[in-house]
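Start counting the sequence shown at 0; every next residue gets the next number (numbering that gives the first Met the number 0).
All C-beta atoms, glycine included, are put in the ideal place defined by N, C-alpha and C.
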Amino acid sequence: MEHLGGKEQLEFWKKRAQNFPRYENVAGNYELGILDRMKGMGVDFRGKTVIDAGCGTGMYTLHIAQEAESVEGVDISEEMLHFLRIDAETNAINNLSVVCSDWNDYKPSKRFDIAFCTMSPALRTSEARKKLHDCASETVVYMGFDGLRKSNVLEHFYPIFNITPKSFSDARKMRAWLEENGISYRCEIVEGEWVSSKNLDGLTESTLNALRLDAPDADEETVRRNLEKFRNADGTYTERVRYRSAIIVWRKS
């Protein structure tokens with residue numbers, strides 16, 4: 000995403016927001032599993048003030064808010080925050096605030112006990128990583144891709160539109176930054192596969208949004224025609240994403 004300009008970024012996330020995963024108030028879901036792993040690494044949100052950088056629709060934000068004293072979510076997309084507000088109101092979660100801002104432009108009003116960021120493109124420069132570090136008085140929690148994010152759908156289209164697959168290595172860059180600055184940290188690797196089923200319109204839209212980051216001329220007709228390869232007997236279309244990510248936790252001394 001670092002190659003996108005401000006207006007392009009806003010338009011991209013505006014489109015993504017419509018089909019982006021949202022907070023689920025159910026036991027044992029993926030986000031709760033990740034939060035449990037973070038707690039096993041010594042992270043305790045109970046009674047803490049927390050900032051969630053690049054919070055998106057609040058998939059983690061709203062779970063954390065149910066334990067924390069307060070949470071501030073920051074995201075560049077007003078559309079993403081719109082869904083966060085809806086889900087917060089629906090679930091009577093009222094100890095949070097949201098700020099619509101690019102992370103580079105965000106000006107924190109205070110230091111928080113815990114600074115938190117998961118799977119967000121907001122932290123792809125040294126300055127952005129340092130800002131997250133400086134926001135915390137006690138603990139920083141970060142999660143990012145660690146060399147693998149491979150979609151069976153997108154892999155099919157890369158040669159069709161002459162796209163070179165990207166390297167997803169945000170977590171490795173974060174570890175390098177920490178080591179360059181002499182900061183000790185704990186790290187745990189998370190590997191698995193996300194499986195999502197959509198109708199043809201939904202998968203066409205999400206596929207085009209992703210492809211047009213590198214191939215602006217990717218056309219809907221070609222995408223729809225080729226997506227028939229992923230059609231199930233019940234008429235749905237399945238995307239499988241294999242991933243390897245890293246949870247990184249460090250304490251402020």
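For residue i, the first and last residue of its enclosing beta strand (DSSP E)
i	result
Tyr236	Tyr236 to Arg250
Thr117	Phe111 to Thr117
Ala52	Thr48 to Ala52
Ser69	Ser69 to Asp74
Leu122	No beta strand (DSSP E) holds Leu122; DSSP gives it neither H nor E.
Within-9 Å CB hit, residue i to chain C
i	result
Ala87	Absent from the structure is chain C; it holds one protein chain and no more.
Start-to-end residues for the alpha helix (DSSP H) that takes in residue i
i	result
Phe82	Glu77 to Thr89
Asp133	Ser125 to Cys134
Thr60	Thr60 to Ala64
Leu226	Glu219 to Leu226
Residue i to residue j span [Cα, whole Å]
i	j	result
Met40	Pro20	25 Å
Leu3	Arg211	Because the pLDDT of Leu3 is 43, which lies under 50, any placement of that residue in the model is unreliable, and the number read from its coordinates should be weighed accordingly. Roughly 11 Å between the two C-alpha positions.
Ala170	Ala245	6 Å
Phe160	Asn208	13 Å
Asn18	Gly201	7 Å
Phe111	Thr203	40 Å
Arg185	Asn225	43 Å
Asn94	Met142	24 Å
Glu178	His132	13 Å
Lys172	Leu147	14 Å
Lys251	Ile182	9 Å
Trp249	Leu34	15 Å
Lys106	Ile50	12 Å
Residue i in three-state terms, based on DSSP
i	result
Asp43	coil
Arg230	strand
Tyr141	strand
Leu212	coil
CB-CB length for residue i against residue j, believed under 8 Å
i	j	result
Thr206	Phe156	7 Å
Thr221	Phe229	The Cβ separation is near 14 Å, so there is no contact.
Glu174	Ile247	Sequence inspection shows Arg at residue 174; the Glu mentioned does not correspond to that position. With a Cβ gap of about 7 Å, Arg174 and Ile247 count as contacting.
Lys197	Thr235	7 Å
Gly57	Leu83	4 Å
Cys99	Ala114	In fact, because the Cβ distance is near 19 Å, the residues do not count as touching under 8 Å.
Arg243	Glu190	5 Å
Which runs of the alpha helix (DSSP H) spanning at least 4 residues fall entirely within the stretch 146-204, listed in chain order?
Counting whole runs of 4 or more residues, the stretch 146-204 contains the alpha helix (DSSP H) stretches 151-156 and 169-179.
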